[in-house]
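Peer 1:
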Amino acid sequence: MRYSDYLNKIVVKHSTISYNLLTPTVKDGDLASLKPKKIEINASQAFKLLFPYCYTRILEQVKSVAPLVAYLMLFQILVLRQPIESALTLSGGIIAVIIGLTIFMEGLNKGLMPFGTIIGDNLPKKATMFVVLVIIGILGVGVTFAEPAIGALQAFGSSVDVKAAPYLYEILNNWTLPLVLMVGAGVGFAAIIGTIRFVKGWSLKPMIYLALVPVVILTGYAWLDPNLRSILGLAWDCGAVTTGPVTVPLVLSLGIGIANAAGKGNSSLSGFGVVTMASLFPILAVLILAIIVSFSVTPEEIITAAAAASEIAKPIPSIWEKTPLVEIILGVRAILPLVLFLLFVLFVILRSSLPNRMITIYGLTLSIIGMCIFNIGLTYGLGAIGTQTGSILPAAFMELPISKFSPIFPELVGLIIVIGFAFLMGFGATLAEPALNALGLTVQKLTEGAFKKSMLMYSVAGGVAVGIALGISKLIIGFDLATVLLPLYAIGIILTIFSSEEFVNVAWDSAGVTTGPVTVPLVLAMGLGLGNAVSAVEGFGILSLASICPIVAVLTMGLIIQIINKSHKSQFEDEEESK
Amino acid sequence: MSERNITYLSDACLITCILQTGLAEEVLEAAKNIGAQGATINYARGTGIRERMGLLGVTVDEQKEVIRIIVSEDQADMVFEAMYLAGKLDTPGKGIMYVTKLEQVATYIPDSVLKKLA
Numbered sequence: 001m002r003y004s005d006y007l008n009k010i011v012v013k014h015s016t017i018s019y020n021l022l023t024p025t026v027k028d029g030d031l032a033s034l035k036p037k038k039i040e041i042n043a044s045q046a047f048k049l050l051f052p053y054c055y056t057r058i059l060e061q062v063k064s065v066a067p068l069v070a071y072l073m074l075f076q077i078l079v080l081r082q083p084i085e086s087a088l089t090l091s092g093g094i095i096a097v098i099i100g101l102t103i104f105m106e107g108l109n110k111g112l113m114p115f116g117t118i119i120g121d122n123l124p125k126k127a128t129m130f131v132v133l134v135i136i137g138i139l140g141v142g143v144t145f146a147e148p149a150i151g152a153l154q155a156f157g158s159s160v161d162v163k164a165a166p167y168l169y170e171i172l173n174n175w176t177l178p179l180v181l182m183v184g185a186g187v188g189f190a191a192i193i194g195t196i197r198f199v200k201g202w203s204l205k206p207m208i209y210l211a212l213v214p215v216v217i218l219t220g221y222a223w224l225d226p227n228l229r230s231i232l233g234l235a236w237d238c239g240a241v242t243t244g245p246v247t248v249p250l251v252l253s254l255g256i257g258i259a260n261a262a263g264k265g266n267s268s269l270s271g272f273g274v275v276t277m278a279s280l281f282p283i284l285a286v287l288i289l290a291i292i293v294s295f296s297v298t299p300e301e302i303i304t305a306a307a308a309a310s311e312i313a314k315p316i317p318s319i320w321e322k323t324p325l326v327e328i329i330l331g332v333r334a335i336l337p338l339v340l341f342l343l344f345v346l347f348v349i350l351r352s353s354l355p356n357r358m359i360t361i362y363g364l365t366l367s368i369i370g371m372c373i374f375n376i377g378l379t380y381g382l383g384a385i386g387t388q389t390g391s392i393l394p395a396a397f398m399e400l401p402i403s404k405f406s407p408i409f410p411e412l413v414g415l416i417i418v419i420g421f422a423f424l425m426g427f428g429a430t431l432a433e434p435a436l437n438a439l440g441l442t443v444q445k446l447t448e449g450a451f452k453k454s455m456l457m458y459s460v461a462g463g464v465a466v467g468i469a470l471g472i473s474k475l476i477i478g479f480d481l482a483t484v485l486l487p488l489y490a491i492g493i494i495l496t497i498f499s500s501e502e503f504v505n506v507a508w509d510s511a512g513v514t515t516g517p518v519t520v521p522l523v524l525a526m527g528l529g530l531g532n533a534v535s536a537v538e539g540f541g542i543l544s545l546a547s548i549c550p551i552v553a554v555l556t557m558g559l560i561i562q563i564i565n566k567s568h569k570s571q572f573e574d575e576e577e578s579k
Numbered sequence: 001m002s003e004r005n006i007t008y009l010s011d012a013c014l015i016t017c018i019l020q021t022g023l024a025e026e027v028l029e030a031a032k033n034i035g036a037q038g039a040t041i042n043y044a045r046g047t048g049i050r051e052r053m054g055l056l057g058v059t060v061d062e063q064k065e066v067i068r069i070i071v072s073e074d075q076a077d078m079v080f081e082a083m084y085l086a087g088k089l090d091t092p093g094k095g096i097m098y099v100t101k102l103e104q105v106a107t108y109i110p111d112s113v114l115k116k117l118a
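For the protein sequence lines, the chains are U and P, in the order given. Each residue of the first sequence is one higher than the one before, counting from 1 in the numbering used here. Each residue of the second sequence is one higher than the one before, counting from 1 in the numbering used here.
#1: According to DSSP, is L9(P) helix, strand or coil?
#2: Is E81(P) close to chain U? Criterion is C-beta to C-beta, closer than 8 Å.
#3: Could you tell me which of L470(U), G386(U), I564(U) sits nearest to I416(U), measuring between CA atoms?
#4: Assign P487(U) to one of two classes, buried (16 or more other C-beta atoms within 10 Å of its C-beta) or exposed (fewer than that).
#5: Measuring only the C-alpha atoms, how far is K452(U) from V504(U)?
#6: Got a sec, what are the start and stop residues for the alpha helix (DSSP H) I217(U) sits in?
#7: What's the call for N532(U), buried or exposed, on a 16-neighbour Cβ count within 10 Å?
#8: Mind listing, in chain order, the continuous alpha helix (DSSP H) runs of no fewer than 4 residues lying wholly within the stretch 471 to 524 of chain U?
#9: What is the rounded straight-line gap between the Cα of A507(U) and the Cα of A435(U)?
#10: Note down, in chain order, every chain U residue with its Cβ under 8 Å from the Cβ of I49(P).
#11: Going along the chain, which residues of its own chain have a beta-carbon closer than 6 Å to the beta-carbon of G188(U), five neighbours each way excluded?
#12: What residues of chain B sit near R45(P), judged by a beta carbon separation below 9 Å?
#13: Decide if L289(U) is buried, meaning its Cβ has at least 16 other Cβ atoms within 10 Å, or exposed.
#14: Taking the straight line between their C-alpha atoms, what separation do you get for K579(U) and L59(U)?
#15: Within 10 angstroms of the Cβ of G377(U), are there 16 or more other Cβ atoms? Answer buried if so, exposed if not.
#16: Would DSSP call K32(P) helix, strand or coil?
#17: Can a CB atom of chain U be found closer than 8 Å to the CB of M97(P)?
#18: Using a threshold of 8 Å, state whether the C-beta atoms of E183(U) and T242(U) are closer than that.
#19: Please identify, using Cβ separations under 7 Å, the residues of the stretch 344 to 370 of chain U that lie next to chain P, in order along the chain.
#20: Are the CB atoms of A482(U) and A240(U) within a distance shorter than 8 Å?
#21: Pull out every residue of the stretch 36 to 61 of chain U whose Cβ sits closer than 7 Å to any Cβ of chain P, in chain order.
#22: Does the stretch 392 to 399 of chain U come into contact with the stretch 348 to 359 of chain U, if we say contact requires no fewer than three beta-carbon pairs (one atom in each stretch) closer than 8 Å?
#23: Applying a beta-carbon distance threshold of less than 9 Å, which residues of chain P neighbour K453(U)?
#24: Looking at V160(U): is its Cβ nearer than 8 Å to the Cβ of E538(U)?
#25: Compare the beta carbon distance of A118(P) and I6(P) with 8 Å and say whether it is the shorter of the two.
#26: State the Cα-Cα distance for the pair V58(P) and I392(U), rounded to the nearest angstrom.
#27: Given a threshold of 16 other Cβ atoms within 10 Å of its Cβ, counted over all protein chains shown, does V413(U) qualify as buried or as exposed?
#28: Does DSSP classify K579(U) as helix, strand or coil?
#29: State buried or exposed for N375(U), treating a residue as buried only when at least 16 other CB atoms are found within 10 Å of its CB.
#30: Could you tell me which of P355(U), S279(U), L22(U) sits nearest to A235(U), measuring between CA atoms?
#31: So, is the C-beta of G38(P) closer than 8 Å to a C-beta in chain U?
#32: Can you give me the start and stop residues for the alpha helix (DSSP H) that N20(U) sits inside?
#33: Could you check if S498(U) is buried or exposed, using at least 16 other CB atoms within 10 Å of its CB as the buried criterion?
#34: So with Cβ pairs under 8 Å, would you call V12(U) a contact of chain P?
#35: Suppose the cutoff is 7 Å on Cβ atoms and the five residues either side in sequence are ignored; what does the same chain contact list for M455(U) look like?
#36: Between which two residues does the alpha helix (DSSP H) carrying I288(U) extend?
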């Protein structure tokens, strides 16, 4: 007896049936009966199919949300010795975030992404370059509305002190729609430029320089105007908010499709660069908006208007302004325009039909439902926990009315603990970001192993960690954002000049990758909570610092690798010569 | 320069296993643990079952991973079984696998092994 026969007998039972019995046969000479029938699935089989499907997708989101939230909560309980307030609502909110993100991401993959691919593949064949660019530009606005993190910006606006930062208050409260539109326009413009770049094969370096010049000029202008200075944090943060899970893949799939159609899609780097542009142009757009606002109203008018608004007894919010209806409206308003526009392009301009109709409709429905649930979770989960931890954080080093133990530590120790907390949070949250892992793999392949995946991940995570720590210290110490940001960008530019094209692409894109739909609201809420607690003028700016620091980190790393490689080579050559 | 020589391997089988993306690692691990020497993996797109399942079709990923492993005839059943169980192919939508007999196989065989068998 063969060993394998022996094993067969003990492990599992085997039986054989003929496949002939399972395949259809011709009945009454009707060939149509050969066509496979719809598969009947009973309840238990459906469960077996659905369980792993749901399980893997939920697990993915749990992995990105749970560690961060757990870290925040544990830190608050163990170090700050402050019990979690309204823990039940919070956990409900966090669960809503997880479920909402799961459903949204699945909807994105099944519903929205196929659109992007089809339109990207077919549009250049049926329309002129000009029409293509216009469509891409409008799409940029649409995807910005659909970005989950953009809701966070609108949600946290009311916490700004009108007297200290009138223009910031005005924009976040009365100009929210123009704000998102401007950010969207920035993304749209970036998408247009990015696509032209794909087709023409331009280098990224000069584009970064050119994009930064107006940004820096406007930043300088806003910085010199004491009333506008407070807007800088918001403007620079907007760049980080836009590059999320909707914008990046959708714009990329379009751009790559178009580059392929133009026969220029072969460069291994063609996927990069759009993210960089999409995080620089919104900064410019928001700064322009702020300057427009500053010309149309004076700070005094805003303050009086705000005072008048707060004096009028708030009307009882109608049913449409209450949870969950308001979140549902926000969710529908975020996704529906994008979907309608995509359908318009597909039906009217491309004159083609919906691919795989049922699954696409299912995906689109999911993305809207997911967005609504995520919005609820944003309000009650991520936003609430972020604000709570942020506002109790200063108890580590100063006296706070809400904390019995404060100050818990001597001032210096407390400060170090808080900054260390921010550093670790940034590091952990970034390493957990799935997009970073994917970027790391791509980079490892691109550089033929010279830039290892782990090296990229650690330098990006380290950069974000330093950035968030810097941002937190900015709020506590109250130094000016521009005085840190501009030198950092200057360093970035200098490093860019000396780096090779590949590293420039990777480094500038790495910043956008790290700011996902979980990190952004959490960090924004924490910043605003902390800002209020230490009575800083505004709580923005953390995200912008968390964007530039990884750029500098990755560029530095890239240069070090270049230098090491060169010295290795020259050493080798020396040895050759000495022989 | 030595004369070049090809040694053919007989009694070889090819196990091909088509799985939903993401399941390949476990199956490969199981195959290697039970004696498979190596494997080739490539990506593919599947069609058929998914369209006929209606809305439940969304639970099956369109992207597939195809694993190909060459094994000896004696190993074949054991490796096949281990892969089947590791991939949980007895649940709907996971994948399909089959064994084919190979006519002629040749690759590098270390001299020491050749001498031992000669």
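We put the beta carbon where it would ideally sit given N, CA and C, even for glycine.
Peer 2: Quick answer:
#1: Of the three classes helix, strand and coil, the one that applies to L9(P) here is strand, per DSSP.
#2: Yes, its Cβ sits closer than 8 Å to a Cβ of chain U.
#3: When only C-alpha atoms are compared, the closest one is L470(U).
#4: Answer is exposed; the Cβ neighbour count stays below 16.
#5: Their Cα atoms are separated by approximately 16 Å.
#6: Counting along the chain, the alpha helix (DSSP H) containing I217(U) begins and ends at 204 to 224.
#7: With 16 or more Cβ atoms within 10 Å of its Cβ, N532(U) is classed as buried.
#8: For the stretch 471 to 524 of chain U, whole alpha helix (DSSP H) runs of length 4 or above, ordered along the chain, are 481 to 498, 501 to 513.
#9: Cα to Cα, A507(U) sits roughly 14 Å from A435(U).
#10: Simply I39.
#11: Excluding five sequence positions before and after G188(U), the CB atoms of its chain that fall closer than 6 Å to its own CB belong to G137, G140, V141, given in chain order.
#12: You won't find chain B in this structure, because its protein chains are U and P.
#13: A residue is called buried when at least 16 other Cβ atoms come within 10 angstroms of its Cβ; L289(U) meets this threshold and is buried.
#14: Only weak support is given to the placement of K579(U): the predicted model assigns it a pLDDT of 49, under 50, and the question is left unresolved by the model.
#15: When all chains shown are included, G377(U) counts as buried.
#16: Under the three-state reduction of DSSP output, K32(P) falls in the helix class.
#17: Not one chain U Cβ lies under 8 Å of M97(P).
#18: A small correction: the amino acid at residue 183(U) is Val; Glu does not occupy that position in the sequence shown. V183(U) places its beta carbon less than 8 Å from that of T242(U).
#19: So the list reads M358, I359, Y362, given in the order they occur along the chain.
#20: No, these two residues do not count as a Cβ contact at 8 Å.
#21: For the stretch 36 to 61 of chain U, residues whose beta-carbon sits nearer than 7 Å to a beta-carbon of chain P comprise P36, K38, I39, I41, Q45, A46, K48, L49, L50, Y53.
#22: No contact exists between the stretch 392 to 399 of chain U and the stretch 348 to 359 of chain U.
#23: Among the residues of chain P, none has a CB under 9 Å from the CB of K453(U); the nearest is roughly 17 Å distant.
#24: With respect to the 8 Å criterion, V160(U) and E538(U) are classified as neighbours on the basis of their beta carbons.
#25: Going by C-beta atoms, A118(P) is not nearer than 8 Å to I6(P).
#26: Spanning the two alpha carbons is a distance of roughly 45 Å.
#27: Taking every protein chain shown into account, the CB of V413(U) has fewer than 16 other CB atoms within 10 angstroms, so this residue is exposed.
#28: Because K579(U) sits at a pLDDT of 49, beneath the cut-off of 50, its placement in the model cannot be relied upon, and the following sentence gives the value as read from the coordinates. Coil at K579(U), not helix or strand.
#29: With 16 or more Cβ atoms within 10 Å of its Cβ, N375(U) is classed as buried.
#30: Minimum Cα distance to A235(U) is reached at S279(U).
#31: No, G38(P) does not count as interfacial toward chain U.
#32: Boundaries cannot be given for N20(U), as no alpha helix (DSSP H) includes it and DSSP labels it neither H nor E.
#33: Correcting the residue type first, residue 498(U) is Phe in the shown sequence and not Ser. So F498(U) ends up on the exposed side.
#34: Interface residue, yes.
#35: Excluding residues within five positions, the ones whose Cβ falls inside 7 Å are M557.
#36: DSSP places I288(U) inside the alpha helix (DSSP H), whose first and last residues are 274 to 296.
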